[in-house]
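Visitor: Below you will find the structure I want to go over with you.
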Amino acid sequence: MKIPDDGREAREKKGWWRATRWLWARRLVQVGVMGLFLLGPLAGVWIIQGNLSASYTLEILPMTDLLWFVQMVAAAGWPVAMQATLGAVVVVVLYGLAGGRSYCAWLCPLNPVTDLAAWLRRRLGITGGWRGERRMRNGVLLLVVLLAWVTGMPVWEWFNPVTWTQRGIIFAAWSGLWAVVAIFLFDLLIAPHGWCGRLCPTGALYAQLGRVTPLFVSAIRREACTDCHACHRVCPEPAVIDPALKGAVRGVGPRIRDVTCTRCGRCIDICPEEVFDFDFHLPNTSRVVP
Amino acid sequence: MTRRGLLAKGAQAVAGMGLAGLVMALGARSAKAVPVWAIRPPGAVAEEEFLGKCLRCGLCVRDCPYEILTLAEAGSGVAPGTPYFVARDRPCEMCPEIPCVVACPSGALDPGLTDIAKARMGLAVLADQETCLAYLGLRCEVCFQVCPVMGKAITIETRPNLRSGKHVHFLPMVHSEHCTGCGKCEKGCVLEEAAIRVLPRATVKGALGSHYRVGWEEKKKAGHALIPEPLSLPVRRPGDGP
Chain A
33 MKIPDDGREA REKKGWWRAT RWLWARRLVQ VGVMGLFLLG PLAGVWIIQG NLSASYTLEI
93 LPMTDLLWFV QMVAAAGWPV AMQATLGAVV VVVLYGLAGG RSYCAWLCPL NPVTDLAAWL
153 RRRLGITGGW RGERRMRNGV LLLVVLLAWV TGMPVWEWFN PVTWTQRGII FAAWSGLWAV
213 VAIFLFDLLI APHGWCGRLC PTGALYAQLG RVTPLFVSAI RREACTDCHA CHRVCPEPAV
273 IDPALKGAVR GVGPRIRDVT CTRCGRCIDI CPEEVFDFDF HLPNTSRVVP
Chain B
113 MTRRGLLAKG AQAVAGMGLA GLVMALGARS AKAVPVWAIR PPGAVAEEEF LGKCLRCGLC
173 VRDCPYEILT LAEAGSGVAP GTPYFVARDR PCEMCPEIPC VVACPSGALD PGLTDIAKAR
233 MGLAVLADQE TCLAYLGLRC EVCFQVCPVM GKAITIETRP NLRSGKHVHF LPMVHSEHCT
293 GCGKCEKGCV LEEAAIRVLP RATVKGALGS HYRVGWEEKK KAGHALIPEP LSLPVRRPGD
353 GP
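For the record, the sequence lines run as chains A and B. FYI, my numbering numbers position 35 of the first sequence as 67, with every residue one higher than the one before it. FYI, my numbering numbers position 146 of the second sequence as 258, with every residue one higher than the one before it.
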C-alpha cells in the first residue's frame with residue numbers, strides 16, 4: 033500500500049521551507065502563547081496572567097474568551113463587570129481583524145491534537161467514521177447558551193474540553209488533560225474532524241467574526257490549479273475551498289469567504305502551484321454594480 | 113433528500129441536543145455544591161451567583177502573594193477551574209490591598225470589598241469541645257493568639273473548672289460579627305485534627321426568630337428596663353384556688 037505523503041510534491045517543487053512555513057508559524061504561536069502564560073509561574077516573568085478564558089497582558093490589556101462572555105451574560109445577566117466586558121471587546125476586535133476562526137488554528141491548544149488525529153488518519157488510511165452535519169456545532173452553541181440561561185451557571189464549562197485543556201497546561205492541572213486524550217481518540221477513531229469540524233461551540237462562535245473580517249485565504253492564482261486535491265486533503269474544512277478555487281466560471285472572487293475557514297494556511301503550504309495566499313482586504317467603500 | 117427524511121433528521125438533531133443538554137445540566141447540578149473544606153477567596157459572591165460569574169481564569173490565583181489559592185481540579189469535588197483554599201493547609205493572609213479581588217475581571221469576587229476585615233469567607237466554629245485543650249482545662253489559646261482580628265473575632269471567656277473545683281477554663285469564643293473566615297485559627301490549632309474549623313456561614317449560623325428580644329440589650333437600647341423592676345409575680349399557694 034502506498035502511504036500518502038502530505039505535501040511531498042510541494043516540498044520537491046518549492047522547497048521544504050515554503051511547503052511548511054505556515055504550519056511552523058502556527059506551531060510557534062501555539063507554543064509561544066502557552067509559553068508566555070507559563071513564563072510567570074515558571075520564571076517569574078509576568079507578561080500574560082490568567083488563561084485563555086480571561087487574561088491580563090502587561091497589567092493593561094484585558095481579554096475575555098467570547099464563549100465565556102456569552103455564557104456569563106446568559107447566566108448572570110447584564111451588566112457584566114467592566115474588565116470582562118472590555119476584554120470581550122478586545123477579543124472581538126482582535127479576532128475580527130485576524131479572521132475569526134484564526135483562534136481555532138493559531139491559539140486553541142486542542143488544534144495540534146486534532147491536527148495529529150487528522151494526520152494519522154491520512155497516514156494510516158482510516159477513512160470511516162461518523163460524519164455528522166458540520167452545522168451541528170451551531171446547534172451545540174445554541175444549546176450551550178440556553179443551558180447557561182436556564183440554569184444560571186455556565187454548565188458547558190463543566191465539560192468544555194477547550195478550557196479544560198488550556199487550564200490544564202497553564203495551571204498544571206493535569207486532570208484537565210483528559211480532554212486531550214478524549215478528543216484525540218474521538219477524532220481518530222470515531223469521527224473525522226469530529227470535534228473542531230462538527231461539535232465545538234467555541235469555533236462556531238468565533239466563526240461569526242468571519243462575517244466582518246478583512247483577513248482571508250485567497251485562491252489568488254486559481255488558474256494555475258492542476259486539480260491535484262492536495263489542499264482538499266489537508267484542509268480541516270474542505271468544503272470552503274471550492275467556491276473560491278472553482279468560482280471563476282460563476283464570477284465568484286478568489287477569496288475564501290466561508291466563515292468556517294480557520295486561516296490555518298495549510299493550503300498555502302501544500303499547493304505545489306502556489307495558488308493560495310493570505311489576503312488582507314479592507315471592505316471597499318465603492319461597490320461594483322452586478 | 114425527501115421532506116420526511118429532512119424532518120426526521122431535524123427531529124433527531126433536536127432530540128439529541130436536548131438529551132445532551134439534560135445530561136450536562138444534571139451533571140453540573142450535582143457538582144455545584146462546594147465541599148465544606150473548600151473556602152472561596154475573600155469577596156466571593158453567594159455560591160450560585162459565583163458559579164455564574166467566575167471565569168475560571170485563575171487571575172486571583174496568580175495575584176495571591178502567598179499562593180494559597182488553587183484552581184479546582186477534576187474530581188476534587190469543587191466546580192472545576194474555580195478558585196478555593198483549604199484553611200488547614202494554608203489560610204488566607206488577609207492582605208489589606210486584597211489583590212485577588214482587584215485581579216478578578218468578572219465580579220465573582222465583589223470589587224465592593226475594600227476592607228479585608230469585612231471579608232466573610234466562612235465562619236470559625238469550635239467544632240469539637242471534646243478535644244479542645246481549653247475545654248480539657250489546659251492553657252492553650254493558640255487560636256485566639258493567631259487570629260488577625262484578635263480580641264474581636266475570638267475572645268477568651270473564663271469559666272470555673274467544675275471538675276477540679278479550683279481551676280479556670282480559658283475558653284475561645286468566636287464572634288460571627290467580626291470573624292472573616294480566614295482560617296488562621298484552624299491552621300494554628302495544635303491538635304492533630306483541628307478542633308476549631310472554618311465552615312460555610314450558611315452551614316453553621318443559626319437565626320434567632322425575628323420575634324425574639326434579648327432583654328438586656330433592649331434594656332441598654334431603651335436606657336431602662338422595659339418592664340417595671342422588680343418584677344413581682346403573684347404568689348400562688350396550694351389551696352388558693354384558680
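Just so you know, even glycine gets a beta-carbon here, dropped at the ideal spot from N, CA and C.
Would you kindly report the start and end of the unbroken beta strand (DSSP E) that includes Thr-96/A?
Guide: 93–96 is the extent of the beta strand (DSSP E) around Thr-96/A.
Visitor: Between Gly-119/A and the rest of its own chain, which residues show a CB-CB distance below 7 angstroms, the 5 nearest in sequence each way excluded?
Guide: Here the set comprises Ala-86, Pro-94, Met-95, Thr-96.
Visitor: Going by DSSP, what residue range makes up the alpha helix (DSSP H) through Asn-273/B?
Guide: No alpha helix (DSSP H) holds Asn-273/B; the beta strand (DSSP E) holding it covers 266–273.
Visitor: What is the rounded straight-line gap between the Cα of Met-33/A and the Cα of Trp-49/A?
Guide: With a pLDDT of only 49 at Met-33/A, under 50, the local geometry of the prediction cannot be trusted, and the value read off the model is given with reservation. Those two C-alpha atoms are separated by around 28 angstroms.
Visitor: When Cβ atoms are compared, which residues of the region 267–279 of chain A fall closer than 8 angstroms to chain B?
Guide: Taking 8 angstroms as the Cβ-Cβ cut-off against chain B, none of the residues of the region 267–279 of chain A qualify.
Visitor: Could you check where the beta strand (DSSP E) with Asn-192/A kicks off and where it finishes?
Guide: Here Asn-192/A belongs to no beta strand (DSSP E), and DSSP marks it neither H nor E.
Visitor: Quick check: the Cα distance between Trp-151/A and Trp-138/A, rounded to an integer number of angstroms?
Guide: Taking the straight line joining both Cα atoms gives about 17 angstroms.
Visitor: How long is the line joining the alpha carbons of Trp-190/A and Gly-76/A, rounded to whole angstroms?
Guide: Between Trp-190/A and Gly-76/A, the C-alpha separation is close to 30 angstroms.
Visitor: Starting from Phe-312/A, follow the beta strand (DSSP E) in both directions and report where the run begins and ends.
Guide: Run containing Phe-312/A: 309–312, per the beta strand (DSSP E) assignment.
Visitor: Per the DSSP calculation, Arg-309/B is bridged to which residue(s)?
Guide: Val-237/B, per the DSSP bridge assignment.
Visitor: Do Ala-205/A and Glu-185/B have their C-beta atoms closer together than 9 angstroms?
Guide: Their beta carbons are under 9 angstroms apart, which means Ala-205/A touches Glu-185/B by this criterion.
Visitor: Can you pull the chain B neighbours of Pro-88/A, defined as C-beta to C-beta under 8 angstroms?
Guide: Residue identity differs from the one stated: residue 88/A is Tyr in this sequence, not Pro. Going along chain B in sequence order, the residues near Tyr-88/A (Cβ under 8 angstroms) are Leu-171, Ala-215, Pro-217.
Visitor: For Lys-230/B and Cys-259/B, which I take to be in contact (beta-carbon distance under 8 angstroms), what is that distance rounded to the nearest angstrom?
Guide: Contact doesn't hold; Cβ gap of about 16 angstroms is too wide.
Visitor: Does the beta carbon of Pro-94/A sit closer than 9 angstroms to a beta carbon anywhere in chain B?
Guide: Judged by the 9 angstroms Cβ criterion, Pro-94/A is in contact with chain B.
Visitor: Quick one: which residues of the region 183–202 of chain A get their C-beta closer than 8 angstroms to a C-beta of chain B? List them in chain order.
Guide: Against chain B - using a Cβ distance shorter than 8 angstroms - the residues of the region 183–202 of chain A are Thr-183, Gly-184, Met-185, Pro-186, Val-187, Trp-188, Glu-189, Trp-190, Phe-191, Thr-195, Trp-196, Arg-199, Ile-202.
Visitor: Is it a yes or a no for the region 229–241 of chain A touching the region 163–173 of chain A, going by three-plus beta-carbon pairs under 8 angstroms?
Guide: In short, these stretches touch, since the Cβ pair count reaches three.
Visitor: Does the region 193–205 of chain B come close enough to the region 167–176 of chain B that 3 or more CB-CB pairs lie under 8 angstroms?
Guide: Enough Cβ pairs lie closer than 8 angstroms, so yes.
Visitor: For Gly-155/B versus Pro-223/B, is the C-beta distance shorter than 9 angstroms?
Guide: Yes, Cβ-Cβ distance for Gly-155/B and Pro-223/B is below 9 angstroms.
Visitor: Quick check on the DSSP output: what are the complete alpha helix (DSSP H) runs of length 4 or more inside the region 154–202 of chain B, in order along the chain?
Guide: Complete alpha helix (DSSP H) runs here, min 4: 159–165, 171–175.
Visitor: Show which residues of chain A have a CB atom less than 8 angstroms away from the CB atom of Gly-187/B.
Guide: Neighbours of Gly-187/B on chain A, chain order: Ser-207.
Visitor: Residues in its own chain within less than 7 angstroms of Arg-349/B by CB, not counting five upstream and five downstream?
Guide: So no residue of the chain qualifies.
Visitor: With a threshold of 6 angstroms on Cβ separation, who are the neighbours of Pro-186/A within its own chain once the five nearest residues in sequence on each side are excluded?
Guide: These residues qualify, in order along the chain: Gln-103, Ala-107, Ala-180.
Visitor: Does Asp-357/B have its Cβ less than 9 angstroms from a Cβ in chain A?
Guide: In the structure displayed, chain B extends from 113 to 354; residue 357/B sits before or after that span and is not available.
Visitor: Which residue from Gln-198/A, Ala-223/A, Phe-101/A, Pro-224/A puts its Cα closest to that of Val-212/A?
Guide: Among Gln-198/A, Ala-223/A, Phe-101/A, Pro-224/A, the Cα nearest to that of Val-212/A is on Gln-198/A.
Visitor: With a Cβ-Cβ cutoff of 9 angstroms, do Asp-259/A and Thr-146/A count as a contact?
Guide: Cβ distance not < 9 angstroms, so Asp-259/A and Thr-146/A don't count as in contact.
Visitor: Using a Cβ-Cβ distance cut-off of 9 angstroms, determine whether Leu-345/B contacts chain A.
Guide: Taking Cβ atoms only, chain A never reaches closer than 9 angstroms to Leu-345/B, which makes this a no.
Visitor: Using the rule of at least 16 other Cβ atoms within 10 Å of the residue's Cβ for burial, across every protein chain shown, is His-313/A buried or exposed?
Guide: Exposed: under 16 other Cβ atoms inside 10 Å.
Visitor: In the structure shown, what three-state DSSP assignment does Trp-149/B receive?
Guide: Trp-149/B: coil per DSSP, three-state reduction.
Visitor: Express the C-alpha separation of Gly-160/A and Asn-143/A in angstroms, rounding to a whole number.
Guide: Distance between the alpha carbons of Asn-143/A and Gly-160/A: 21 angstroms.
Visitor: Mind listing the chain A neighbours of Arg-168/B? Cutoff is C-beta to C-beta under 7 angstroms, in chain order.
Guide: Going along chain A in sequence order, the residues near Arg-168/B (Cβ under 7 angstroms) are Ser-85, Glu-189, Thr-195, Arg-199.
Visitor: For Leu-248/B, would you say it is in contact with chain A, using Cβ-to-Cβ distances shorter than 9 angstroms as the test?
Guide: Chain A contact via Cβ: absent.
Visitor: Glu-305/A and Ala-280/A: beta carbons closer than 9 angstroms?
Guide: Cβ distance not < 9 angstroms, so Glu-305/A and Ala-280/A don't count as in contact.
Visitor: Take every Cβ of the region 307–314 of chain B, pair it with every Cβ of the region 146–154 of chain B, and state whether three or more of those distances are shorter than 8 angstroms.
Guide: Result yes; three or more Cβ-Cβ pairs closer than 8 angstroms.
Visitor: Can you tell me where the alpha helix (DSSP H) holding Ser-127/A begins and where it ends?
Guide: The amino acid at residue 127/A is misidentified as Ser; the sequence shows Tyr. 114–130 is the extent of the alpha helix (DSSP H) around Tyr-127/A.
Visitor: Counting contacts by CB-CB distance shorter than 9 angstroms, is Val-192/B in contact with chain A?
Guide: Sequence inspection shows Pro at residue 192/B; the Val mentioned does not correspond to that position. For Pro-192/B, the answer is yes, since a Cβ of chain A falls inside 9 angstroms of its Cβ.
Visitor: Within the continuous alpha helix (DSSP H) that includes Leu-247/A, where are the two ends?
Guide: Per DSSP, Leu-247/A belongs to no alpha helix (DSSP H); it is in the beta strand (DSSP E), 247–250.
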